[in-house]
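*Asks:* The following block contains the structure, expressed as structure tokens.
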Amino acid sequence: MKAHIKTHEEKSLQCNECNKYFRNKRDLSSHKRIHTGEKPYKCPQCEKSFRQTYHLKRHLLTHSNERPYQCNECGKPFRSLASLNVHQKMHSDDKPYQCPHCEKSFKYGISLKNHVLMHKNERPFQCSECGKTFTNSASLKLHRKMHSDDKPYQCSHCEKRFYHSTHRKSHERTHTGEKPYLCSDCGKSFASSFAFKIHQRSHTGERPYPCSNCGKSFYKLNDVKLHQRTHTGEKPFKCSLCDKTFAVSTSLKTHERIHTGEKPYCCSICGERFAFKWSFQSHKKKHAAPESS
Numbered sequence: 001m002k003a004h005i006k007t008h009e010e011k012s013l014q015c016n017e018c019n020k021y022f023r024n025k026r027d028l029s030s031h032k033r034i035h036t037g038e039k040p041y042k043c044p045q046c047e048k049s050f051r052q053t054y055h056l057k058r059h060l061l062t063h064s065n066e067r068p069y070q071c072n073e074c075g076k077p078f079r080s081l082a083s084l085n086v087h088q089k090m091h092s093d094d095k096p097y098q099c100p101h102c103e104k105s106f107k108y109g110i111s112l113k114n115h116v117l118m119h120k121n122e123r124p125f126q127c128s129e130c131g132k133t134f135t136n137s138a139s140l141k142l143h144r145k146m147h148s149d150d151k152p153y154q155c156s157h158c159e160k161r162f163y164h165s166t167h168r169k170s171h172e173r174t175h176t177g178e179k180p181y182l183c184s185d186c187g188k189s190f191a192s193s194f195a196f197k198i199h200q201r202s203h204t205g206e207r208p209y210p211c212s213n214c215g216k217s218f219y220k221l222n223d224v225k226l227h228q229r230t231h232t233g234e235k236p237f238k239c240s241l242c243d244k245t246f247a248v249s250t251s252l253k254t255h256e257r258i259h260t261g262e263k264p265y266c267c268s269i270c271g272e273r274f275a276f277k278w279s280f281q282s283h284k285k286k287h288a289a290p291e292s293s
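Listed below in structure tokens is the structure:
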């Protein structure tokens with residue numbers, strides 16, 4: 001009890017920007033850099049700078065190519081312990097995330113979260129504009145903003161407006177070129193946390209989205225949704241000119257070129273244009289092939 005009370009007493013320092021509490025001045029000072037944008041820790045080998053010392057240390061490994069954390073199962077090396085820990089779950093049969101509704105268990109927490117949604121088919125909150133349904137009122141409220149003309153958040157660099165502040169912040173990075181999410185394994189940086197998380201799975205091998213029909217796993221939720229159509233036969237994308245249907249929107253767009261005559265692929269050598277990527281690539285090989293003597 002005394003130890004618990006002490007944690008409240010220790011958290012007496014408050015951030016005047018977001019009202020979050022901290023135990024000491026060092027943690028508060030470090031946190032404030034999120035609001036100020038200050039990055040005092042500069043890399044001696046490039047122009048990048050960081051808010052925290054450990055971010056700089058992790059970044060320096062990208063210059064040295066040092067990968068001190070090695071998987072004891074397959075020998076694959078990693079720059080960060082966190083990446084190694086996620087990767088090692090691939091080798092383990094341990095599935096600590098148990099579904100509360102059935103006997104299934106999962107290696108990754110996000111896989112369980114995705115699976116539980118299958119049990120919760122009830123979506124009582126419906127959008128009056130488009131009919132889309134949601135599991136909770138908060139999701140519906142956020143969705144409704146898409147239909148509204150009220151977009152209070154304007155980009156500080158152009159006239160584009162947004163209905164959510166996070167969308168504006170993400171958009172503004174297209175002007176500034178800021179990519180704050182740095183991969184500690186390859187040094188590549190990203191403008192959004194979502195793109196960064198997807199990229200990290202290419203290093204760890206994590207595929208948290210399994211198909212409920214065949215068990216095949218995928219990096220992204222959208223990929224498993226597209227794959228599941230091979231089982232269901234669903235083809236929701238219909239050509240308005242010939243009524244042919246497709247499982248994915250990109251296939252429909254490619255097909256529509258038959259009707260429109262659009263040829264987006266242009267040969268830089270002879271100027272010939274092509275409607276399809278496969279025919280364009282086949283044509284390029286003719287230029288690359290050595291002339292017969």
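Numbering (the UniProt record's numbering), first residue to last: 1 to 293.
Quick reminder that beta carbons are idealized off the backbone N, C-alpha and C, glycines included.
1) Do HIS147 and LYS132 come within 8 Å of each other at the CB atom, strictly closer than that value?
2) Under the three-state reduction of DSSP, which class applies to GLN88: helix, strand or coil?
3) Let me check understanding here. Comparing Cα to Cα, which of THR260, ALA138 and CYS43 lies closest to CYS127?
4) When you compare each of LYS151, LEU140, PHE190 and ILE258 to THR176 by their alpha carbons, which one comes out closest?
5) With a threshold of 8 Å on Cβ separation, who are the neighbours of TYR41 within its own chain once the five nearest residues in sequence on each side are excluded?
6) Starting from LEU60, trace the alpha helix (DSSP H) in both directions and tell me its first and last residue.
7) So does the region 100-117 actually touch the region 204-214, counting three or more Cβ pairs closer than 8 Å?
8) Locate the alpha helix (DSSP H) running through HIS203, then write down its first and last residues.
9) Going by the DSSP bridge assignment, what does LEU182 pair with across the sheet?
10) Would you check if there are 3 or more beta carbon pairs closer than 8 Å linking the region 238-250 to the region 262-279?
11) Pull up the distance between the alpha-carbon of TYR69 and that of SER30, whole angstroms please.
12) Have a look at LYS145 and LYS151 and give me their C-alpha separation to the nearest angstrom.
13) In whole angstroms, give me the CA-to-CA distance for LYS285 and LYS277.
14) Comparing alpha-carbon positions, which option in HIS35, ASN65, GLY37 and ALA288 lies nearest GLY187?
15) For ILE269, report the span of its alpha helix (DSSP H) as first-last.
16) Per DSSP, which residues does SER217 bridge with? Please list them.
17) Sorted by chain position, which residues of the same chain lie with C-beta nearer than 6 Å to ILE269's C-beta, five sequence neighbours on each side aside?
18) Between the beta-carbon of GLU178 and the beta-carbon of SER156, is there less than 8 Å?
19) Can you give me the Cβ contacts of TYR219 inside the same chain, cut-off strictly under 7 Å, excluding the 5 residues immediately before and after it?
20) Give me, in chain order, the residues of the same chain whose beta-carbon lies closer than 6 Å to that of PRO180; leave out the 5 immediate sequence neighbours on both sides.
21) With LYS216 and HIS227 assumed to form a contact (beta carbons below 8 Å), what rounded beta-carbon distance in angstroms separates them?
22) Which residue marks the beginning of the alpha helix (DSSP H) containing LYS235, and which one marks its end?
23) Between which two residues does the alpha helix (DSSP H) containing ALA288 stretch?
*Replies:* With the structure as the only source:
1) In this structure, the beta-carbon distance from LYS132 to HIS147 does not fall below 8 Å.
2) Here GLN88 sits in helix by DSSP.
3) Of the candidates THR260, ALA138 and CYS43, the one whose C-alpha sits nearest the C-alpha of CYS127 is ALA138.
4) Ranking the options by Cα distance to THR176, first place goes to PHE190.
5) These residues qualify, in order along the chain: SER49, PHE50, ARG51, GLN52, THR53, HIS55 and LEU56.
6) For LEU60, the enclosing alpha helix (DSSP H) begins and ends at 53-64.
7) Judged by Cβ distances under 8 Å, the region 100-117 makes contact with the region 204-214, as three or more pairs qualify.
8) Per DSSP, the continuous alpha helix (DSSP H) segment holding HIS203 begins and ends at 193-204.
9) Answer by DSSP bridge pairing, in chain order: SER189.
10) In short, these stretches do not touch, since the Cβ pair count stays below three.
11) Those two C-alpha atoms are separated by around 27 Å.
12) When rounded, the distance between both Cα atoms is 8 Å.
13) Rounded to the nearest angstrom, the two C-alpha atoms are 13 Å apart.
14) Scanning HIS35, ASN65, GLY37 and ALA288 for the CA closest to the CA of GLY187 turns up ASN65.
15) Segment: none, ILE269 is in no alpha helix (DSSP H) and carries neither H nor E.
16) As a beta-bridge residue in DSSP terms, SER217 pairs with PRO210.
17) Hits under 6 Å: HIS287.
18) The Cβ atoms of GLU178 and SER156 lie no closer than 8 Å to each other.
19) ILE198, ARG201 and ARG207, listed in sequence order.
20) Closer than 6 Å at Cβ, skipping near neighbours: no residue.
21) With a Cβ gap of about 7 Å, LYS216 and HIS227 count as contacting.
22) Per DSSP, LYS235 lies in no alpha helix (DSSP H) segment and is marked neither H nor E.
23) ALA288: member of the alpha helix (DSSP H) spanning 277-288, first to last residue.
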